[in-house]
Amino acid sequence: MTKLNKKILLLVVEDEIILLNVLKERLMAEGFDVITALDGGEGLKLALAQHPDLILLDLLMPRVDGLMMLKSLRKDRWGAKANIIILTNVKDVDNEGGKLNIGLALGGSCEYMLKTNWSLDDVVARIKKKLGSE
Amino acid sequence: MKKQNIFQPYDKVALRISVLYMIISALWIFFSDKLLVGDPRVVTYISIGKGWFYTVVVGFFFYFTISRIIKHHNQVECEARVSESNYRRLFETAKDGILLVDFKTGMILDVNPFLVDLLGYSKTDFLEKYLWDVGTFKDVAASKDNFLTLQEKKYVRFEDLPLETKSGKKINVEFVANAYDVEGVTIIQCNIRDITARKKAERDLSEAKISFLSVASHQLRTPLSITKWVLESLIRDKQATPQQTERFNYLVYSNERLINLVNDLLSVTEIDSGKLKVDKKMVDINKLISDLSNFFQVLASARKKIINIEIPSSLKKVYCDPILVYEILQNLLSNAIIYSKEDSKKIEIVAEDRPDDYLISIHNDGVMDFSLVEKISSFDKFARGIGAEKLEPAGTGLGLYIAKRMAEASGGSIWFKSDLESGTTFYLTIIKDKNKK
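Read top to bottom, the protein sequences are chains A and B.
Using the numbering used here, the first residue of the first sequence is number 88, and each one after it goes up by one.
Using the numbering used here, the first residue of the second sequence is number -4, and each one after it goes up by one.
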């Protein structure tokens, strides 16, 4: 992944600025191009405009939350197949509608990681695995 | 009401005496002419005088006795009226619905105003109708069957019975019916308590718990993940001195303990508030167990343990909730790695396909260092084995409780065996669903 002709573009949608910075720094160190958004509305615009190779998406955000962004994104022709890793601290069953809700949103290529339970190494490994397996 | 004897003992004596005097007096008047000799005028006076005397005495006794009887009779009637009116008032003003039903026929005999208001039917809608003919009770599944049960057991209770009022409003009631005898006739008294408000309060509380869980989950985890990721970056930068790096590692360890605790506490809250969802699907159990084993590879090799997996080739897809099964096995496997003695090197995960269930066992060939096996036998919250703190200070004592509750929620069970000869084995069963093959 370190030597690539065309850099892979990642979109990180995260409202917690420290997490966003740490994540961005690490992903850039891994050789990815990274664009960022602080909420779902901004994230959706960036996603539809730049078609990133993968989106790291937080769920609980002000204004437009992650699930709302995901639902809108899945209505788009490109967005329906976009690679997404939900990276959140809301345990799926805690969320309104629980597993089912996220399960529905998980249509397309979508995975789910609970931030506290995974290291940055794990996140990077998951991204590489997901993009490599395409 | 029990029939009362209106004659008191003294009334009986008075009656007997007065009857006796009447007989003596009649005999005296009849025979006195024949028995008495002398001046007929004197005899007549004596005879008449005695006749009057006895008549007065007898009259007095009659008067006394009859007045006592009437007085007593009035008193009993009055008491009955007071008692009746007390009970009537109780019936009329009760803040619970009361329905009186004939035991033999199921015909409604009486209904109190509260129930009339509660259900929105008029009194005539109830009276002389069968219980199951009243709209509200019509929908109560097998209402007639319930009545048969009531006839048999003389008691029926529903903790939470959903009813619909005449206007279509849904209410929840507690329904208790008892049969009892009234002067040889059996009556069923049904007490119907409106618990709609209580149910709503319970729902609100449950929702509050859920929203607390959701907020706590997010708010506690966010700072924990910041610490986790920032520390990871600091260590990765390799700019710190070895001493600083060591201290960063202390922080990492401490933060991981806190993450474990938060995860466990949230799992327990989720379980205890009945929010644990079981979402079964066909799962590749082979993959699930090897993923689990891979996840623990680092921890296992750090403690010089080898994990062996033994799954029969026939066992592929298992119908279960993969998240729950993974979490249960994760708890058991981490226990096996952390708490087994140093001389125990091998940890075995074995899956068996049995007729009614799948049995997954996690075995290590040393005795668990729980010196008090009984303590963990209960699988209670915070019940850690003695010495467990020394082996793993970060343990919360919640793992086995969580595992047990999750196993039960998915219809399985969990238990363990530990002895010197065979080591320690934890077992988990996953019940088979005959329809899902």
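Every residue gets a Cβ at the ideal spot worked out from N, C-alpha and C, and that includes glycine.
- Distance between B/T264 and B/I182, taken at the CA atoms: about 47 Å.
- Taking 8 Å as the CB threshold, B/R216 lines the interface with chain A.
- In terms of beta-carbon proximity, A/K202 lines the interface with chain B, with at least one pair separated by less than 8 Å.
- Annotated three-state conformation of A/A124 is strand, per DSSP.
- Shown here, B/G92 sits in a strand according to DSSP, grouped into three states.
- Here B/I332 has F291, L294, A295, R298, K300 and I342 as same chain residues with Cβ atoms under 7 Å from its own Cβ, once five neighbours each way along the sequence are excluded.
- One thing to note: B/N186 has its Cβ within 8 Å of the Cβ of B/D91.
- DSSP places B/E343 inside the beta strand (DSSP E), whose first and last residues are K341 to D348.
- At a cut-off of 8 Å between beta carbons, B/E403 makes no contact with chain A.
- A Cβ of chain B is located within less than 8 Å of the beta carbon of A/E103.
- B/Q214 sits in a helix when the DSSP states are folded into three classes.
- Under the three-state reduction of DSSP output, B/Y58 falls in the helix class.
- Collapsing the DSSP output to three states places B/N107 in coil.
- Residues of chain B whose Cβ lies closer than 9 Å to the Cβ of A/L207 are, in chain order, K223, W224, E227, S228 and R231.
- Judged by beta-carbon spacing, B/S13 lies within the 8 Å limit of B/F56, meaning their Cβ atoms are closer than that value.
- Between B/F153 and B/E178, the C-beta spacing is not below 8 Å.
- Shown here, B/Q234 sits in coil according to DSSP, grouped into three states, outside any helix or strand.
- One thing to note: B/Y314 has its Cβ no nearer than 8 Å to the Cβ of B/D414.
- The C-alpha of B/A75 lies about 21 Å from the C-alpha of B/N107.
- For A/V109, at least one C-beta of chain B is nearer than 8 Å to its own C-beta.
- Residues of chain A with a Cβ closer than 9 Å to the Cβ of B/I333 do not exist, since the nearest Cβ in that chain sits about 18 Å away.
- A contact between stretches requires three or more CB pairs, one per stretch, nearer than 8 Å, and the region 144 to 153 of chain B fails this requirement with the region 66 to 80 of chain B.
- One thing to note: B/A346 has its Cβ no nearer than 8 Å to the Cβ of B/I357.
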